[in-house]
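J.: Chains H and F supply the protein sequences, listed in that same order.
Under this note's numbering, read the first sequence as residues 12 to 501, first letter to last.
Under this note's numbering, read the second sequence as residues 12 to 96, first letter to last.
Beta carbons: idealized from backbone N, C-alpha and C, even for Gly.
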Amino acid sequence: MVETSGLYRLLYSSALLFPNETALISGVDTCSYHELNVRAEQLSNLLLSLNVGKGNRVAICLPKSIEFVASIFGILKAGAAYLPLDKAAPDERNRFIIENSDVQAIIINEEQLKILPDIYNIKARIDNGSILAIRNSPSKKSIPDLAYILYTSGSTGEPKGVMITENAALKFINWSVETFHPKQNDRFASHAPFHFDLSVFDLFVSIKQGASLVLIDEAISRNPILLSQLISEKKITIWYSTPTILNMLSLYGKMYKYDYDQLRLVLFAGEVYPVKRFQTLKLHWPTAEYYNLFGPTETNVCTFFKIPNDITSFSNNFPIGRCCSHYRAMIIGDETTGELCISGDGLFAGYWNATETDSLFIDEAGSKWYRTGDIVSIDKDGNFIFRDRNDRMVKRNGYRIELAEIETALTKNELINECAVLSQKDANEDIIITAFICTQSIETQSEIKMKEYCKKHLPAYMIPDTFIFLEKLPQTSSNKTDLQVLKQLL
Amino acid sequence: METNPIKKTVREYILSRFLKNSSDADLRDNTPLISGGIMDSISTMQMISFLEKEYKFEFEAHEVDRDNLDTIEIIANFVLKKIHG
Numbered sequence: 012m013v014e015t016s017g018l019y020r021l022l023y024s025s026a027l028l029f030p031n032e033t034a035l036i037s038g039v040d041t042c043s044y045h046e047l048n049v050r051a052e053q054l055s056n057l058l059l060s061l062n063v064g065k066g067n068r069v070a071i072c073l074p075k076s077i078e079f080v081a082s083i084f085g086i087l088k089a090g091a092a093y094l095p096l097d098k099a100a101p102d103e104r105n106r107f108i109i110e111n112s113d114v115q116a117i118i119i120n121e122e123q124l125k126i127l128p129d130i131y132n133i134k135a136r137i138d139n140g141s142i143l144a145i146r147n148s149p150s151k152k153s154i155p156d157l158a159y160i161l162y163t164s165g166s167t168g169e170p171k172g173v174m175i176t177e178n179a180a181l182k183f184i185n186w187s188v189e190t191f192h193p194k195q196n197d198r199f200a201s202h203a204p205f206h207f208d209l210s211v212f213d214l215f216v217s218i219k220q221g222a223s224l225v226l227i228d229e230a231i232s233r234n235p236i237l238l239s240q241l242i243s244e245k246k247i248t249i250w251y252s253t254p255t256i257l258n259m260l261s262l263y264g265k266m267y268k269y270d271y272d273q274l275r276l277v278l279f280a281g282e283v284y285p286v287k288r289f290q291t292l293k294l295h296w297p298t299a300e301y302y303n304l305f306g307p308t309e310t311n312v313c314t315f316f317k318i319p320n321d322i323t324s325f326s327n328n329f330p331i332g333r334c335c336s337h338y339r340a341m342i343i344g345d346e347t348t349g350e351l352c353i354s355g356d357g358l359f360a361g362y363w364n365a366t367e368t369d370s371l372f373i374d375e376a377g378s379k380w381y382r383t384g385d386i387v388s389i390d391k392d393g394n395f396i397f398r399d400r401n402d403r404m405v406k407r408n409g410y411r412i413e414l415a416e417i418e419t420a421l422t423k424n425e426l427i428n429e430c431a432v433l434s435q436k437d438a439n440e441d442i443i444i445t446a447f448i449c450t451q452s453i454e455t456q457s458e459i460k461m462k463e464y465c466k467k468h469l470p471a472y473m474i475p476d477t478f479i480f481l482e483k484l485p486q487t488s489s490n491k492t493d494l495q496v497l498k499q500l501l
Numbered sequence: 012m013e014t015n016p017i018k019k020t021v022r023e024y025i026l027s028r029f030l031k032n033s034s035d036a037d038l039r040d041n042t043p044l045i046s047g048g049i050m051d052s053i054s055t056m057q058m059i060s061f062l063e064k065e066y067k068f069e070f071e072a073h074e075v076d077r078d079n080l081d082t083i084e085i086i087a088n089f090v091l092k093k094i095h096g
């Protein structure tokens, strides 16, 4: 008997309690708890028969679908960790992640087979035509108890895998249940893609409660006109997304056409939601409860703030609030402003294959604290206020972007001699990314060509907004790129 | 010299909003906008909102699609079809 994983147990329990209730809704398709559990079990048995299980990682490269969710639970039931890929990301990025993470197996569809490295052999067809491919030699590294690995932008120029254990994920899920009191009759939206950590809430909290989860595919998720209709028609009660999406909904979603009486809880995270923009959304959704959630992938949510009914006292941005009950927080710096550090059982287990992890932790008062890199202060009510970052990481559309990763991708272009990437905020608080480029000849100085190149080599959210062409980059006296001089050119 | 007024308006909008350091000559009627990384999902919505105001028609939900928006040529044809019903 294989020991069942903590996260898989959430599905197992709900399948016992509510076998015939709807677990998933995807377009016109639905899947009951019983069916979802059967599908997860079948996949788990298949994986175990091929020696994929505890300590292994299994990548999934599928569109958002019932199958994707069944794969996640099947992998977890087998004791392995799931690694969701972004099928819209450039192929070379996905290939890098597959090779870097040393996955033992991949669940993939026909369309994405092109990213599969040679060392993987197709072993079986699973339902709906998806394919299970297995590494032809066992993977070298084994880490037990991981639930998932999510790759995010890395400061070294390459994506890095954040490892989350079963126990850490459960801490977050339990905190969510205690804080938001979701019910069995709730309808959650699954807006965030599964490679984005907002999805952990949607997926596992809804399954734990025996509620229904409405899967929103990629095409609809970025189309506010379809999205506003879907939220109303599918009678979503709990919504979680980035402010970018909420803002697109309120600006372009034609929300006046629909009613949203059933929507009771709206959570947002991933970036700052300016108060002015929030007010526009609230006109459409006046009765919902709103929370600003905060935290990097390494902690999932670590602080939260309930938006009060009266928001007249907030002029610019909302606080990020207080520390979640499964964490402790402290500031290193002076008494009121400094770097936010987090300690507790929800923390990530390190970066996959990386050596840089150690410097991100400090030992203090007998505990291990993760240095988030976020500069925060505390207001008179004891809420944390986000100020800035202490590094070159920026957030756009909720995704984190290490500017160094954009520079690395640009430097690989043979036509580019040198480059530097900077960010700034515009009047609407939106992040604008500018790339300074030195090319070999004037003919290659085309913003259009640069964007086209970036589209092939970077995820869409990392493509710089503007390109400025220079003969050479300004240098400091110590021969480093003079970012201060470049800032003057923005 | 651009003679089609819709193409001209769309081109000017793109250059002023999404390609601030490019010239008129760089941006062709068939330059891929969405698949070429010039417009993302947010700028696509800005473009739609601009077209709706400028030409006084409404995008149906299913029309918000790369197939109607990926080049200046395609956008101009789509707008023409919408305003002349």
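By DSSP's criteria, T41 (chain H) is part of a beta bridge. Which residues make up the other side?
T.: According to DSSP, which records beta bridges pairwise, T41 (chain H) is partnered with H:I36.
J.: Which residues share a DSSP beta bridge with K152 (chain H)?
T.: Partner(s): none; K152 (chain H) has no beta bridge.
J.: Tell me, please, whether the CB atom of A471 (chain H) is closer than 8 Å to any CB atom in chain F?
T.: Closer than 8 Å to some Cβ of chain F, the Cβ of A471 (chain H) qualifies, so yes.
J.: Could you tell me which of F:R77, F:L30, F:L80, F:H73 sits nearest to E458 (chain H), measuring between CA atoms?
T.: Comparing Cα-Cα distances from E458 (chain H) to each of F:R77, F:L30, F:L80, F:H73, the minimum goes to F:L30.
J.: So which residues on chain H does D37 (chain F) lean against when the C-beta distance must stay under 9 Å?
T.: Neighbours of D37 (chain F) on chain H, chain order: S457, E458, I459, K460.
J.: Helix, strand or coil, according to DSSP, for F329 (chain H) in the structure here?
T.: Note: F329 (chain H) maps to coil in three-state DSSP.
J.: Considering only C-alpha positions, which residue in the set H:L304, H:V216, H:T176, H:L73 is nearest to E189 (chain H)?
T.: Checked all of H:L304, H:V216, H:T176, H:L73; the closest Cα to E189 (chain H) is H:V216.
J.: Does the beta carbon of Q240 (chain H) come closer than 8 Å to any beta carbon on chain F?
T.: Yes, its Cβ sits closer than 8 Å to a Cβ of chain F.
J.: Can a CB atom of chain F be found closer than 8 Å to the CB of C465 (chain H)?
T.: By this cut-off, C465 (chain H) is an interface position.
J.: Does R233 (chain H) come within less than 8 Å of chain F when only Cβ atoms are used?
T.: At least one chain F Cβ lies under 8 Å of R233 (chain H).
J.: Hey, how far is the Cα of E23 (chain F) from the Cα of I49 (chain F)?
T.: The alpha-carbon atoms of E23 (chain F) and I49 (chain F) are separated by roughly 14 Å.
J.: Would you say L292 (chain H) faces chain F, with C-beta separation under 8 Å as the test?
T.: Answer no: the Cβ-Cβ gap between L292 (chain H) and chain F never drops below 8 Å.
J.: Determine the closest residue to E229 (chain H) out of H:I137, H:F191, H:H206, with distance taken between C-alpha atoms.
T.: Per the Cα distances, H:H206.
J.: Taking Cβ-Cβ distances shorter than 8 Å, what residues in chain F pair up with F478 (chain H)?
T.: Near F478 (chain H) (Cβ distances below 8 Å), the residues of chain F are N32.
J.: Is the region 258–266 of chain H close to the region 392–403 of chain H, with three or more CB pairs under 8 Å?
T.: Taking 8 Å as the limit for Cβ pairs, the verdict is that the region 392–403 of chain H does not touch the region 258–266 of chain H.
J.: What three-state label does DSSP hand Y27 (chain H) in the structure shown?
T.: Reading the sequence as shown, one finds Leu at residue 27 (chain H) and not Tyr. If DSSP states are grouped into helix, strand and coil, L27 (chain H) belongs with the helices.
J.: Sort out for me which residues DSSP pairs P95 (chain H) with in a bridge.
T.: Its beta-bridge partners are H:I71.
J.: So, do the region 319–327 of chain H and the region 345–357 of chain H have three or more beta carbon pairs nearer to each other than 8 Å?
T.: The answer is no - the region 345–357 of chain H does not touch the region 319–327 of chain H, with fewer than three Cβ pairs under 8 Å.
J.: Measuring straight from C-alpha to C-alpha, what distance separates E454 (chain H) and I444 (chain H)?
T.: One C-alpha to the other measures close to 23 Å.
J.: Name the chain H residues whose beta carbon is nearer than 7 Å to that of T42 (chain F)?
T.: Those are I459, listed as they occur along chain H.
J.: Cβ of T532 (chain H) less than 8 Å from any chain F Cβ?
T.: What is shown of chain H runs 12 to 501, which leaves residue 532 (chain H) out entirely.
J.: For Y472 (chain H), is the classification buried or exposed, using 16 other Cβ atoms within 10 angstroms of its Cβ as the cut-off for buried?
T.: Flag for Y472 (chain H) reads buried.
J.: Is there a C-beta anywhere in chain H that falls below 8 Å from the one on A72 (chain F)?
T.: With 8 Å as the cut-off, A72 (chain F) counts as an interface residue toward chain H.
J.: What residues are listed by DSSP as bridge partners for V277 (chain H)?
T.: Answer is H:W250, H:Y301.
J.: Between the region 375–392 of chain H and the region 351–358 of chain H, do at least 3 Cβ pairs fall closer than 8 Å?
T.: Taking 8 Å as the limit for Cβ pairs, the verdict is that the region 351–358 of chain H does touch the region 375–392 of chain H.
J.: Can you say whether S239 (chain H) is buried or exposed, counting buried as having 16 or more other CB atoms within 10 angstroms of its CB?
T.: Buried, by the Cβ-count rule.
J.: Using C-beta distances below 6 Å, list every residue in its chain close to T419 (chain H), excluding the 5 sequence neighbours before and after it, in chain order.
T.: The residues are G168.
J.: With Y159 (chain H) as the anchor, note down where its beta strand (DSSP E) starts and where it stops.
T.: First-last of the beta strand (DSSP E) with Y159 (chain H): 157–163.
J.: Quick check on R339 (chain H): does DSSP put it in helix, strand or coil?
T.: R339 (chain H) falls in the strand class under three-state DSSP.
J.: Below 8 Å on the Cβ atoms is my guess for N41 (chain F) versus T82 (chain F); work out the distance and round it to an integer in Å.
T.: Right, the Cβ-Cβ distance comes to about 5 Å (below 8 Å), so this counts as a contact.
J.: Got a sec? Which residues, its chain only, sit under 6 Å from H468 (chain H) by beta carbon, not counting five neighbours each side?
T.: Only P101, A420 meet the Cβ criterion.
J.: From H:E78, H:K75, H:I83, pick the residue whose C-alpha is nearest to that of G64 (chain H); which is it?
T.: G64 (chain H) has its Cα closest to that of H:I83, out of H:E78, H:K75, H:I83.
J.: Taking only beta carbons into account, state which residues of the region 391–416 of chain H come closer than 8 Å to chain F, listed in chain order.
T.: Taking 8 Å as the Cβ-Cβ cut-off against chain F, the residues of the region 391–416 of chain H that qualify are N408.
J.: Under 8 Å, Cβ to Cβ, is there at least one residue of chain F near S24 (chain H)?
T.: With 8 Å as the cut-off, S24 (chain H) does not count as an interface residue toward chain F.
J.: Determine, for I49 (chain F), whether the minimum Cβ-Cβ distance to residues of chain H falls below 8 Å.
T.: It does: the Cβ of I49 (chain F) has a partner Cβ on chain H nearer than 8 Å.
J.: Quick one: is Y263 (chain H) near chain F, going by C-beta distance under 8 Å?
T.: For Y263 (chain H), the answer is yes, since a Cβ of chain F falls inside 8 Å of its Cβ.
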